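Residue numbers (my numbering): 1 to 954.
We treat Cβ as the ideally placed atom computed from N, Cα and C, and that holds for glycine.
Remember, it's a predicted structure, so these values are computed and weren't measured experimentally.
Here's the structure, in structure tokens; my notes come after.
Here it is, written out as structure tokens:
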């Protein structure tokens, strides 16, 4: 397709290469020197049709290698999470329940709805825990630029591109030799008087003042590239090593204790070194309604009653990881060779091995076993037996039910040791069929094998006989040691070791893709223009095999700290697709783009996706663009084939706690009765001190594909030399969303509405609890549940000017959220809620109305200096539980400074400081926290970040 290139096209091309529109700056741009009227065609993310204009009808944001380098980060997720359009997903700042991978979440619609590409080719899923691409596989040092297409792109790239596409364009034409070595770390002054005061009240230890540089990371990377065989071929090879130290929550005062749900007290866990006992009498062969809750009296042989469970909580926070340790090695190559213009084979290979571990507090009995006990128990003291008999009005011949919460401090912390080994092979050929048509045929095979070895957890099956439960025996002659929880300090390391178990998961995910398409120029045009019509026609087959194998310990849910079984998942999905694109110039300044794809899944049948877009250029300085896209995402292997089982959800049971607490939240006894709370239980059900409750969840083979309609309308302009801006409105409407309603949402809406859709999923235990033992739970299975509607506006602008022999550049990348409406049940608009500008337990993470980055850089011959302002707007709190958040979280600003200096033609030094003023992340209570009393990975989590690197290039 041959077109004439106007001034705006040149300007936005300049913006892409120099990174202005993408809020980054390169020092040179070939577009500024463009003089020819016919120019080389290039492929831009969002279409396979090669074109002369980098700005299409769909918005594409760009981050180039310069900004990536000067960000100081070498974890890809940390780099991309700076963009206002991306929200934190799986990061290194998660420990409990971490997948060990790094994922991207565009628009906050979920990482499973963000398609990740390398050089325009789909990545495979990441691990035994995750169905999303693991960006740990991508070497940050070799990224040429990152292109982010914010809109449905399923018609071009297939499933999962609901929120958009993140395409990593690699520097596969590198020339020469380059070696970089870098180091980084965090620094923070611990002076949070609020939480230090709370810890003083509890007598907890915490760090105070500066504690040096911690969370240190080290990296080395090597890249070599060059031509061979008289320039017919080119090869680029790379190798990267990276390691970072662990950083525990005890290293920061604001995370050194686990705040309660309200954020007003240093909470903790009732599974404590001095164990709690929850006891119910057996009356007429059944569990009675009377309840005793207490712990061992340090000064005597009896128990201290503590019905609110607040006098003896264990501060489990300090030992938990705030940032996981990690060591990663990756290597790979890009090779292409031109036999002639008709036959150019190419090859991409990569390998990555990654090791990490998520450490959390010691295991425990977690009130899991429902133990039938009697007063002949060999471990209980006479005083303890007499106290319970008197409390329940029982005799020595009676029995009682006991749940025990003993923390395994004698055995040490739990650790989930995760390893991932990924490799990817892509080979193909491309070439010119004639002067107007070209082809591309490729085959790719990628696989990730991963394992999880969970150490130092306790085995549920080993508890009853070792605490003297009825109809069990523990004989020392057989090597059995009693677990003496009834004596303070009575448990020994040897006793604890007999309860310890190790669980192992192994798995592999394999992806095979056959792809081929032809691209060309039809050679004719509409009567209204000389520009000819471009077309792409192709076919693709994808085969995904997923297998996760659990050992017996995992599969039977024997580890007490897991919340339930983790079973095998075995499944495969095959899809055959045909696709096409059309680029139709209607006028010299008006283009229409069409795309369509038909997908035939062996699991869910046939679906179609399509898109239409148009762009209109006015006066060579303004381009108006609009697009509509229909996207479809078929359920993945885990969503289809995961076994249904019991596990944990984090949040609050709105009908637990005292009557005063319940009524303060706007509920009453009648409402709680709808959730299964009896009149006797109302106000007497204990809340989980760790904010963890039981749910039954799993896959669903009856799932249907979810659909999304995406609309964008925007303007791109270069009104005067050196200045560019774009503004784009977007709306994404998803239906038949594959998700679970959410256990807390189920309980709350049952209480408010009495709707059987919610209430039928609540199963309370005899005591009314949803966390003691496993007989109380909420059913929260996956389904095509409802809809989501996202609306917003993206704004990007940049300006460059010459100053004192260098270039001064400014750039803004901002995103304004108009609506983030979630309808949890299809058709129930009265239950819909809007997460835009809000933080709540339903919305899960903070969602500011406005986020931006503003970057200023001065570029001289041998040095550059950059200053960045990252802004997060205020969010309102919707709820009544979290008193600490109260009226919401105020706006946050972080400021970064970086620079590089070319010592000579071969050596460059880069250094910088992110979060210059060492601002802490906002603290939140237990129902809102993702880790360490904050939303880890969203705001800067650890304080000031220092980095430096040295690069040598020949």
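Here residue 808 has 801 and 858 as same chain residues with Cβ atoms under 6 Å from its own Cβ, once five neighbours each way along the sequence are excluded.
The continuous stretches of beta strand (DSSP E) do not include residue 71, which lies in the alpha helix (DSSP H) extending over residues 65-71. Comparing C-alpha distances from residue 582 to each of 520, 761 and 606 shows the shortest one belongs to 520. Residue 397 and residue 765 have their C-alpha atoms roughly 26 Å apart. Apart from the 5 residues on each side of it in sequence, residue 889 sits with its Cβ closer than 7 Å to the Cβ of 839, 846, 874, 875 and 922 in its chain, given in chain order. Out of 142, 211, 384 and 511, the CA that lies nearest to the CA of residue 331 is found in 142. In the DSSP assignment, residue 287 forms a beta bridge with 282. In this structure, the beta-carbon distance from residue 440 to residue 517 falls below 7 Å.
Note that the C-beta distance between residue 706 and residue 738 is below 7 Å. Residue 149 is a Cβ neighbour of residue 60, given a cutoff of 7 Å. Here the alpha carbons of residue 734 and residue 789 stand approximately 6 Å from one another.
For a cut-off of 8 Å, the C-beta gap from residue 276 to residue 302 is around 14 Å, too long to register as a contact. Remark: C-beta atoms of residue 713 and residue 757 do not approach each other more closely than 7 Å. For the pair of segments examined, the region 890-898 was found to touch the region 857-872: the number of CB pairs separated by less than 8 Å reaches three.
162 is the residue among 344, 162 and 186 whose C-alpha sits nearest the C-alpha of residue 629. Taking 7 Å as the cut-off, the Cβ atoms of residue 211 and residue 254 do not count as close. Leaving aside the five residues that flank residue 306 on each side, the residues in its chain whose CB is nearer than 7 Å to its CB run, in chain order, 293, 294, 295 and 312. Around the beta carbon of residue 932, 16 or more other beta carbons lie within 10 angstroms, which makes this residue buried. Listed in chain order, the non-local C-beta contacts of residue 679 below 7 Å within the same chain comprise 669, local neighbours out to five positions each way being set aside. Between residue 431 and residue 344, the CB-CB gap stays under 7 Å. In this structure, residue 181 and residue 220 form a Cβ contact; the two beta carbons are roughly 5 Å apart against a cut-off of 8 Å. In this structure the region 277-292 does not lie against the region 227-235, because fewer than three pairs of beta carbons, one per stretch, are closer than 8 Å. Of the residues 649, 659, 566 and 685, the one whose Cα lies closest to the Cα of residue 641 is 566. The three-state reading of DSSP puts residue 608 in strand, counting E and B together. Nearest C-alpha to residue 754 among 416, 365, 672 and 406: 672. Looking from the CA of residue 223, the closest CA among 252, 271, 139 and 195 belongs to 139.
Counting of Cβ neighbours within 10 angstroms places residue 941 among the buried residues, the total reaching 16 or more.
For the beta strand (DSSP E) assignment, the uninterrupted runs of no fewer than 3 residues enclosed by the region 475-541 are, from N- to C-terminal side, 500-521.
By the CB criterion at 7 Å, residue 511 and residue 544 fall inside the cutoff. Restricting attention to beta strand (DSSP E) runs no shorter than 3 residues, the region 345-408 encloses them at 371-374 and 399-405, ordered along the chain. Annotation: the continuous beta strand (DSSP E) that includes residue 946 extends over 944-953. Under the 10 Å beta carbon count, residue 830 is surrounded by fewer than 16 other beta carbons and is classified as exposed.
For residue 95, same chain residues with a beta-carbon under 7 Å away, outside a window of 5 residues either side, are 320, 321, 324, 358, 359, 360 and 931 in chain order. Taking all protein chains shown into account, residue 77 has 16 or more neighbouring C-beta atoms within 10 Å of its C-beta and is therefore buried. Going by DSSP, residue 794 is part of the beta strand (DSSP E) stretching over 787-803. For residue 443, the pairing in a beta bridge is given by DSSP as 427 and 514.
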